[in-house]
Amino acid sequence: MTTKPYLTGHYTPAVDEITATGLTVEGHLPPELNGRLVRNSHNPKPGVTPTHWFKGSGMVHGIRLRSGRAEWYRNRWVRTPALDGAPYMTEHGPDLTASVAGTHVIEHAGRLLALCEANFPFELDAELETVGAYDFDGKLRSAMTAHPKTDPVTGELHFFGSSPFPPYLLYYVADAKGRIVHSAEIPGATASLKHDFAITRHHVVFIEGSVTFDPAEHSGIPYGWSDAQPSRIGVMPRTADGATRIRWFDIEPGNMLHAANAYEDAQGRIVLEGPTVDREGFQLSWNWWVGAPGRGTEPNTRSYTRRWVVDLAQGRLDEQTIDDLAVEFPTLNEDYLGAENRYTYAISFPDQDGYGGYGVVKYDRATGARRVHQAGDARLPSEAVFVPAEGAANEDDGYLLTVISDLKQDASQLLVLDAAGLDRIATVHLPRRVTGGIHGSWIPDTADQ
Ligand SMILES: [Fe+2]
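So for the sequence shown, the working numbering puts the first residue at 20; every next one is plus one.
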């Protein structure tokens with residue numbers, strides 16, 4: 020049996036949990052970076068071979084920065100029933116606590132939550148120990164997406180829960196204190212796989228691609244591409260009765276894994292951008308995710324940034340692919356989430372022909388300029404998290420934090436890049452190679468920490 024691609028190379032799981040203090044720093048670590056970078060990834064226990072990359076148990080890696088020092092690194096499995104082998108499907112239906120909790124980690128209302136879209140969140144403490152499943156005091160009635168959105172204006176957390184069975188899509192809003200204050204079933208949704216979505220100041224934007232429930236798929240994640248599944252964008256007003264006013268627009272067949280951002284432009288049109296795969300790209304990626312033959316060289320293949328513009332008044336939609344670099348993990352200065360952003364960041368991967376390479380990419384949407392910080396040979400950067408500078412005057416006044424998996428040195432570093440020019444300003448040497456992985460967040464200190 021060949022080794023699964025998600026158990027080898029950059030993705031070789033860590034075999035233990037460690038804590039290291041007083042990390043070596045090169046360069047100038049900005050003293051204003053006070054907080055924790057926390058990043059999640061799939062990391063099955065030794066001896067466990069999941070049938071799908073996304074079925075691997077979650078492990079969070081954290082790096083604590085304070086006053087120009089790197090105080091600690093630690094990694095911890097998210098201790099869920101699934102880590103000990105509890106099945107997701109039971110005779111009573113899915114067990115939403117049987118989560119690998121390995122996709123993302125966010126903070127809202129003081130709670131650090133490890134997320135996986137098929138399950139309840141799992142709460143972690145400040146030192147990454149697992150507290151337990153969290154269901155918003157019983158108000159979460161479904162799974163929760165791994166990509167909730169914090170509205171920078173209201174502090175609300177917007178999110179959805181999706182299912183291959185009715186109700187296919189539930190939408191929730193939690194207020195800044197973490198209380199669910201609104202939920203609605205979304206009419207017209209289907210069993211299409213919904214990994215991410217977007218909010219604007221006045222709308223919620225749902226995305227349904229041509230990947231949908233497929234009971235014949237036996238990897239443990241029952242989805243697959245279907246030409247019969249239309250790709251669509253649903254635009255819903257952010258009003259109490261918004262669900263009844265949602266409008267769905269057909270788009271070219273594809274699968275957008277992540278939204279870079281969405282906003283209303285000066286004409287009131289909805290603009291949405293995100294890396295998207297076509298049928299071939301999806302199949303190459305899926306085959307990597309399940310370790311099947313015919314897979315891409317990277318977990319994301321043929322993933323190119325696409326833009327959709329929805330004119331609600333005219334009832335029409337335009338779309339185009341806007342870049343030729345294979346990218347994923349789009350990020351931005353989240354103060355601009357839902358508003359027109361000038362800068363988008365992403366991670367580039369070499370494509371099937373070897374074009375491009377591992378790097379941190381910055382797009383200037385005003386000029387169309389693209390700048391790449393090349394990570395170097397066999398050096399895989401993780402999602403670049405933007406942290407605004409203190410007193411920032413410009414959108415790109417701040418830092419990009421990314422963890423490099425360096426295969427040749429069998430080591431990892433946290434890179435702190437100046438987000439304006441993508442220059443490296445500090446390197447934190449980590450005590451182990453950090454498994455290549457998925458999403459993470461910067462958790463800034465609050466007054467009581
Ligand atoms: Fe994701």
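A virtual CB, placed ideally from N, CA and C, is assigned to each residue, including glycine.
Nothing here was measured: the structure is a model prediction, and the numbers come from that model.
How many angstroms separate the CA atom of residue 57 from the CA atom of residue 206? Against the sequence shown, residue 57 aligns to sequence position 38. Against the sequence shown, residue 206 aligns to sequence position 187. Straight-line Cα distance between these residues: approximately 36 angstroms.
Is residue 317 near residue 369, with beta carbons less than 8 angstroms apart? Counting from one through the sequence shown, the residue named residue 317 turns up at place 298. Counting from one through the sequence shown, the residue named residue 369 turns up at place 350. Against a cut-off of 8 angstroms, the Cβ pair of residue 369 and residue 317 comes out as a contact.
By Cβ distance below 6 angstroms, which residues in the same chain neighbour residue 225 in space, the five residues on each side in sequence not counted? Here the question's residue 225 lines up with position 206 in the sequence shown. These residues qualify, in order along the chain: 216, 253.
Using 8 angstroms as the cut-off, can you tell me whether the stretch 173-182 makes contact with the stretch 147-157, which would need three or more C-beta pairs spanning the two stretches below that distance? Touching, no, given that fewer than three Cβ pairs across the two stretches are closer than 8 angstroms.
Residue 409 and residue 458: beta carbons closer than 8 angstroms? What you label residue 409 is simply residue 390 of the sequence shown in a count that begins at 1. What you label residue 458 is simply residue 439 of the sequence shown in a count that begins at 1. Result no, Cβ atoms of residue 409 and residue 458 do not sit closer than 8 angstroms.
How long is the line joining the alpha carbons of residue 26 and residue 426, rounded to whole angstroms? Counting from 1 along the sequence shown, the entry for residue 26 is found at position 7. Counting from 1 along the sequence shown, the entry for residue 426 is found at position 407. Residue 26 and residue 426: Cα-Cα distance of roughly 14 angstroms.
How many Å lie between residue 4 and residue 147 at the Cα? Only positions 20 to 468 of the chain appear in the structure, and residue 4 is not among them; the question remains open.
Look at the alpha carbon of residue 76 and the alpha carbon of residue 59, and state the distance between them as a whole number of angstroms. In the sequence shown, residue 76 corresponds to position 57, counting from 1. In the sequence shown, residue 59 corresponds to position 40, counting from 1. Residue 76 and residue 59: Cα-Cα distance of roughly 10 angstroms.
According to DSSP, what are the bridge partners of residue 131? As a first step, residue 131 must be located in the sequence shown, where it is residue number 112. Beta-bridge pairing links residue 131 to 126, 143.
DSSP three-state label for residue 222, please. To locate residue 222, count along the sequence shown from 1; it is residue 203. The answer is strand: DSSP assigns residue 222 an E or B state.
Among 130, 38, 142, the one whose alpha carbon lies nearest that of residue 118: As a working note, residue 118 is residue 99 in the sequence shown. For residue 118, the closest C-alpha among the options 130, 38, 142 is that of 142.
Kindly give me the distance between the Cβ atoms of residue 214 and residue 166, rounded to whole angstroms, as I take these residues to be in contact under 8 angstroms. The residue given as residue 214 occupies position 195 in the sequence shown. The residue given as residue 166 occupies position 147 in the sequence shown. Rounded, the Cβ-Cβ distance is 7 angstroms, consistent with contact.
Validate contact between the stretch 295-304 and the stretch 321-337 using beta carbons, cut 8 angstroms, 3 pairs: yes
Between residue 150 and residue 121, is the Cβ-Cβ spacing less than 8 angstroms? Residue numbering aside, residue 150 sits at position 131 when the sequence shown is read from its first letter. Residue numbering aside, residue 121 sits at position 102 when the sequence shown is read from its first letter. Not closer than 8 angstroms, so no.
Rounding to the nearest angstrom, what Cα-Cα distance links residue 435 and residue 445 in this structure? Locating residue 435 in the sequence shown gives position 416, counting from the first residue. Locating residue 445 in the sequence shown gives position 426, counting from the first residue. Going from the Cα of residue 435 to the Cα of residue 445 covers about 5 angstroms.
Are residue 33 and residue 53 close, meaning C-beta to C-beta below 8 angstroms? Residue mapping note: residue 33 aligns to position 14 of the sequence shown, counting from 1. Residue mapping note: residue 53 aligns to position 34 of the sequence shown, counting from 1. Result no, Cβ atoms of residue 33 and residue 53 do not sit closer than 8 angstroms.
Nearer than 7 angstroms: is that true of the beta carbon of residue 215 relative to any heavy atom of ligand 1? Residue numbering aside, residue 215 sits at position 196 when the sequence shown is read from its first letter. At least one heavy atom of ligand 1 is nearer than 7 angstroms to the Cβ of residue 215, so yes.
Per the contact definition of three or more C-beta pairs closer than 8 angstroms, is the stretch 282-291 in contact with the stretch 239-251? no
If you measure from the CB of residue 165, is any heavy atom of ligand 1 nearer than 7 angstroms? One-based indexing of the sequence shown puts residue 165 at position 146. Residue 165 Cβ: within cutoff of ligand 1.
From residue 208 to residue 188, what does the alpha carbon distance come to, in whole angstroms? Here residue 208 refers to the residue found at position 189 when the sequence shown is read from its first residue. Here residue 188 refers to the residue found at position 169 when the sequence shown is read from its first residue. Rounded to the nearest angstrom, the two C-alpha atoms are 6 angstroms apart.
Please state the DSSP three-state secondary structure of residue 359. Along the sequence shown, read from residue 1 onward, the residue named residue 359 stands at position 340. Coil.
For residue 59, name the three-state secondary structure that DSSP assigns. In the sequence shown, counting from the first residue as 1, residue 59 sits at position 40. In the structure shown, residue 59 sits in a strand (DSSP, three-state: E or B).
Touch test, the stretch 92-111 against the stretch 258-268, Cβ-Cβ under 8 angstroms, three pairs minimum: With the cut-off at 8 angstroms, the stretch 92-111 and the stretch 258-268 do not touch.
Length at least 3, wholly inside the stretch 25-92: the beta strand (DSSP E) runs in chain order: 38-40, 44-46, 54-61, 77-85
Please indicate yes or no: does the CB of residue 22 lie closer than 7 angstroms to some heavy atom of ligand 1? Locating residue 22 in the sequence shown gives position 3, where the first residue counts as 1. False, no ligand heavy atom lies under 7 angstroms from that Cβ.
Cβ pair residue 347, residue 392 closer than 8 angstroms: As a first step, residue 347 must be located in the sequence shown, where it is residue number 328. As a first step, residue 392 must be located in the sequence shown, where it is residue number 373. No, they are not a contact pair.
Close-in-space but distant-in-sequence residues of the same chain around residue 336 (CB under 8 angstroms, 5 per side omitted): Residue numbering aside, residue 336 sits at position 317 when the sequence shown is read from its first letter. Taken in chain order, the residues that qualify are 252, 268, 269, 270, 327, 328, 329, 330.
C-alpha gap between residue 210 and residue 232, whole angstroms: Within the sequence shown, residue 210 is the residue found at index 191, counting from 1. Within the sequence shown, residue 232 is the residue found at index 213, counting from 1. Cα-Cα distance, rounded: 6 angstroms.
Looking at the secondary structure, which residues open and close the alpha helix (DSSP H) in which residue 302 lies? Numbered from 1 along the sequence shown, position 283 holds the residue referred to as residue 302. Note, residue 302: alpha helix (DSSP H), 298-309.
Which residues mark the beginning and the end of the beta strand (DSSP E) in which residue 180 is found? Position 161 of the sequence shown, counted from the start, is the residue given in the question as residue 180. For residue 180, the enclosing beta strand (DSSP E) covers residues 176-181.
Can you give me the C-alpha to C-alpha distance between residue 230 and residue 137, rounded to a whole angstrom? Your numbering for residue 230 matches position 211 in the sequence shown. Your numbering for residue 137 matches position 118 in the sequence shown. Between residue 230 and residue 137, the C-alpha separation is close to 16 angstroms.
How close, in whole Å, do the beta carbons of residue 464 and residue 439 come, if the pair is a contact with beta carbons under 8 angstroms? Taking the first residue of the sequence shown as position 1, residue 464 is located at position 445. Taking the first residue of the sequence shown as position 1, residue 439 is located at position 420. Rounded, the Cβ-Cβ distance is 24 angstroms, inconsistent with contact.
Between which two residues does the beta strand (DSSP E) harbouring residue 266 extend? What you label residue 266 is simply residue 247 of the sequence shown in a count that begins at 1. In the DSSP assignment, residue 266 falls within the beta strand (DSSP E) that extends over 266-270.
Considering only heavy atoms of ligand 1, does any lie closer than 7 angstroms to the CB of residue 263? Working through the sequence shown from its first residue, we reach residue 263 at position 244. No.
Does the beta-carbon of residue 184 have 16 or more other beta-carbons within 10 angstroms, so that it is buried, or is it exposed? Here residue 184 corresponds to residue number 165 of the sequence shown, with the count starting at 1. Answer is exposed; the Cβ neighbour count stays below 16.
Quickly, what does DSSP pair residue 204 with across the bridge? List them, please. In the sequence shown, the residue the question calls residue 204 occupies position 185. 189.
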